[in-house]
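Residue numbers (my numbering): 8 to 287. Here the structure comes first, spelled out in structure tokens, and everything after it is commentary.
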Amino acid sequence: MTVENILTVDLEDWFHICGVDDVLPQSKWPQLESRVEANTLKILRVLRSFDVRATFFVLGFIAERHSGLIEHILRDGHEIASHGYAHRRVYEMTPKQFQTDLERSVDIITGITGESVRGFRAPEWSIRDDSLWALDILAQQGFDYDSSMAPLPIIGNPRYAKNPHEISLDDGSLWEIPPLVGTTPLVNLPLGGGWGLRFFPYALIRHIIRALNNAGQPALIFLHPREFDSHRPSVPLSLVKRFVVNGGIASTGKRLKRLLSDFEFTTIAGFLKDRKNHCN
Ligand SMILES: [Zn+2]
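What follows is the structure, given as structure tokens:
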């Protein structure tokens, strides 16, 4: 049986980058040129040509300003989930601030789609050991799944599970859907998105996805609209940040097409439906 992999997009603009408040503070966002519509349309065109559906984690700030784009994504059959409102790392917020930010995004999204929001992804995979309380808030708010815990050093924890799994909480349970990583004896590699997906050899990524699928597990890929834009405004970022955000973006479109040619993909909702059917 063919295993369907999971395709996701963090729907945000080019200036939604964690940790650069000195250069791109939230107060300046409304004055910056928005490029999210044109870049997202490029992704939607590719997905349509391969007849593939994805989960879009929509930032509330974007939904508020681009409701027509959200309607377009929904019309194309994709799943709409939440990426929070103001693109803040979860571990830099109090539980109360997190809940307020989450509810604000959900209110805006449901106001556009008329559908409940079932999934959440934190900016920069920022649910970690010091912000696990966020999972309880998500469960209390009726979410079915979270996709915010990376089994990676620095941004997450290499000990976190690498495959989708159900977490039991006081207020029910939540599925956790981690990004694709490659395991080496030294370090887990970030292959599922960002600079890792753009830089590591495609043959390595394909090999690891095949091995996962042979073991009956899906790979989760994540994309950002800004990765489809070689002409966005440049801002003075640190060398490391510039590499993480910009490095190799000319190859993203080609990588996506190769992945869609070589593998089957679905939304997270589609994956969970399939998993539950098999368990019953
Ligand atoms: Zn983001």
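Note that beta-carbon positions come from the ideal geometry of N, C-alpha and C, so glycine has one too.
Discussion item. Am I right that LEU145 and ASP137 are in contact with their C-beta atoms under 8 Å? What's the rounded C-beta distance?
Written reply: Incorrect: roughly 16 Å between the Cβ atoms, too far for contact.
Fill in: Closer than 7 Å: HIS90 CB and nearest ligand 1 heavy atom
Within the cutoff, so yes.
Item to complete: Compare the C-alpha of ALA218 against each of GLY189, ILE80, THR101 and name the closest.
Response: GLY189
Worksheet entry | Alpha-carbon to alpha-carbon, HIS79 and PRO192 | 44 Å
Worksheet item: From which residue to which residue does the alpha helix (DSSP H) around TRP202 run?
Response: 201 to 206
Worksheet item: Can VAL10 and PHE272 be called in contact, C-beta distance under 8 Å?
Response: no
Worksheet item: Can you tell me whether GLU234 is buried or exposed, with buried defined as 16 or more other CB within 10 angstroms of its CB?
Response: Buried: at least 16 other Cβ atoms inside 10 Å.
Worksheet item: When you compare only the Cα positions, how much space is there between THR47 and PRO165?
Response: 31 Å
Discussion item. By the DSSP assignment, the alpha helix (DSSP H) with THR9 in it spans what residues?
Written reply: No alpha helix (DSSP H) contains THR9, which DSSP labels as neither H nor E.
Worksheet item: For ligand 1, which residues count as neighbours when the test is a C-beta closer than 5 Å to any heavy atom?
Response: ASP17, GLU19, PRO130
Item to complete: Confirm, please, whether the CB-CB distance from ALA141 to VAL113 is below 8 Å.
Response: no
Discussion item. Which same chain residues end up closer than 8 Å to HIS172 when comparing Cβ atoms and leaving out the 5 residues on each side of it in sequence?
Written reply: The residues TRP182, GLU183, in chain order, have a CB closer than 8 Å to that of HIS172 in the same chain once the five nearest residues on each side in sequence are set aside.
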